[in-house]
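Read through the structure below, which is laid out as structure tokens, and then see the notes.
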Amino acid sequence: MTGNENLTRAEAQERASLIDSRAFDVRLDLTTGAETFATTTTATFGCRAPGSSTWIDLIAPSVTSVVLNGASLDIAECFEGARIALPNLLAENTLVVEAMGAYMNTGEGLHRFVDPVDDEVYLYTQFESADARRMYACFEQPDLKATFALTVTAPDHWKVVSNSPTPVPSAVSEGVARWEFAPTPRMSTYITALVAGPYHEVRDEYVGPHGTYPMGVFCRESLAQYLDADDIFELTKQGFAFFEEQFKTPYAFGKYDQLFVPEFNAGAMENAGCVTFLEDMVFRSRVTDAAYEQRANTILHELAHMWFGDLVTMSWWDDLWLNESFAEWASHFANVNATRYTDAWTTFSNQRKAWAYRQDQLPSTHPIAADMVDLDSVRVNFDGITYAKGASALRQLVAWVGEPEFLAGVTTYFGKHAWGNTELSDLLSELEVTSGRDLSNWTQEWLRTSGVNLMRPALTVDGAGNYESFAILQEPPTSPAGIEPILRSHRMAIGLYDLNDGVLTRRERIELDVVGARTEVPQLIGTRQPDLVLLNDDDLTFTKIRLDERSW
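Quick note: the sequence shown uses the working numbering, first residue 643, plus one each step.
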């Protein structure tokens, strides 16, 4: 980003203190040509300091009209390519912006794709972190939530999908129809969405204790023969039932569509009720079970965001790591407990967590909770630390406070903050209540530092083959050079394994807190030495381990 396309955290905080974002009515005409589309936004919002000035965000090749509270503004004076200046605000304001938006071929904003198989046009949006402004004028920051009512004029043979249920279209002219969507609940701009084109569609529904939710799965018509919608629906329903039960919070967005789209820049995006996926997940040949498991994980990751991220949203991108880490943790938690992929945590350790270990020992490593001073910072922090180490730390947090206590805290968190915005401290305060643990040190140790600790056992054995002493030694990170020598607090399991007929069998498992450089383990005194003693059994914490001589 250059110039005023960037947005600083300080600017966002100042605007959020001034503006009460209420409602957006967005009207799009997608029949105006192959390069641009017509976009009209009517925004209603309050101002806490009448007479003040602010701006609304829009990136468009041309703006044709800006009317604020009935008065036309001089476009040459108010529009600077990415921001429209709004002077002399009233306590209650209505803004109407008419512009021509540009179709993108970079996966940002409203992306346009022509299928080489049949020359059909397919559109979809990708707005995270700040590209809704490429489709409509908006306050492009996550803590200025509003309702969004979308009206779309498009070819009448298209499917048009957004956050609200798809309405029955009305005829406009020969070959052209109009879809008028009901307003959404309050949400952030980055999870609003539009997908349009002659998509192939398969329908189903989830019937749960809180109601019936229509579901759709979509892909390009030329890929229809490969779409295994039954498997996708099965996994989605399993996820719905599991998350509604574990979170004790109903799904909030009325319907749930999953759309596999072309030329997608990411794996998937959690648009509220309108999730987009990389269409490579529509398998066109035989693939491994690991590929199906990864798709299941992605489906559940995005579904988890409907609660953590969409219903309750971070105030600013500082907590991007938490948003993604929670969904990463929740997807594996659901995969193990609700689907056929019961070894998903093993996959997490071998793939995602291994990625984090590598990233965290490079000179480019950074704390999980990165300092997102502006949008430019956000763009460079979608990495293995944000996703994989963050999820590993969150799994450790679940172990530290206890799984039942963690879920109880999350339920309270959703209940208190539904449709609102939060910071990390809001979640941690609920976990402190449910667990009785003080998490202030945990936050500093795990989120504000970098590097990987190392654990090794220190033990002695008596003449009868029983432990007479056992301790866990913790060492600080050693790479990259110059890293802070931090010793963290860990909730960890120790597994004792015996080798019987060539098969390792776990005889005993204990769980304990590991704090500081040396932690004594009195529970093992007098216990017969096993063939293998495994620190960090079940992989609850983020650490490297070493084995004792006998275990080798």
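For every residue, glycine included, the Cβ atom is placed at its ideal position computed from N, Cα and C.
Judged by beta-carbon spacing, Ala910 lies beyond the 8 Å limit of Asn939, meaning their Cβ atoms are not closer than that value. The continuous beta strand (DSSP E) containing Ser804 extends over residues 801-804. Secondary structure in the stretch 899-975: the alpha helix (DSSP H) runs of 4 residues or longer, each lying completely within the stretch, are 931-947 in chain order. Excluding its 5 nearest sequence neighbours in each direction, Ala779 has C-beta neighbours in its own chain below 6 Å: Thr683, Ile698, Leu700, Val739, listed in chain order.
Distance from Ser957 to Asp785 at the Cβ level is roughly 5 Å; contact confirmed, criterion being Cβ atoms closer than 8 Å.
Rounded to whole angstroms, the gap between the alpha carbons of Gln900 and Pro856 is 11 Å. Counting only runs of 4 or more residues that sit fully inside the stretch 1023-1104, the alpha helix (DSSP H) segments are 1032-1043, 1045-1059, 1066-1077, 1082-1089, in chain order. In the structure shown, the three-state DSSP call for Pro1005 is coil.
A buried status is given to Asn1063, since no fewer than 16 other beta-carbon atoms sit within 10 Å of its beta-carbon. Each of Val709, Asn735, Leu752, Thr808 was checked against the Cα of Asp671, and the nearest Cα belongs to Leu752.
A Cβ-Cβ contact shorter than 8 Å links Ala702 with Gly743.
DSSP lists Leu1154 as the beta-bridge partner residues of Met1134. In this structure the stretch 1042-1059 does not touch the stretch 867-884; the number of beta carbon pairs closer than 8 Å is below three. Scanning Ala788, Arg926, Thr1053, Thr891 for the CA closest to the CA of Pro825 turns up Ala788.
Looking at Phe1112, His1132, Trp800, the one whose alpha-carbon comes closest to that of Gln1165 is Phe1112. For the set Ile1187, Phe1056, Thr834, the Cα lying nearest the Cα of Leu1115 is the one of Ile1187. For Cys689, there is no enclosing alpha helix (DSSP H); the residue is found in the beta strand (DSSP E) stretching over 678-689. For Gly881, the uninterrupted alpha helix (DSSP H) segment begins and ends at 871-889.
The Cβ neighbour count for Leu869, taken over all protein chains shown within 10 Å, is at least 16; the residue is labelled buried. DSSP places Thr989 in the uninterrupted alpha helix (DSSP H) bounded by 986-989. Just measuring C-alpha positions, the residue of Ala1106, Ala946, Ala933 sitting nearest Gly915 is Ala946. By alpha-carbon distance to Arg937, the top candidate from Gly951, Phe950, Trp949, Glu921 is Glu921. The Cβ-Cβ distance between Asp952 and Met777 does not fall below 8 Å. Counting every other CB atom within 10 Å of its CB across the protein chains shown gives Leu1039 a total of 16 or more, marking it as buried. Beyond the five residues adjoining it in sequence on each side, Arg664 comes within less than 7 Å, by CB distance, of Thr686, Phe687, Gly688, Ala788 in the same chain, given in chain order.
Rounded to the nearest angstrom, the gap between the Cα atoms of Phe755 and Val794 is 18 Å.
Inclusion of Arg862 and Tyr983 in the CB contact set at 8 Å is not warranted, their separation being larger than that value.
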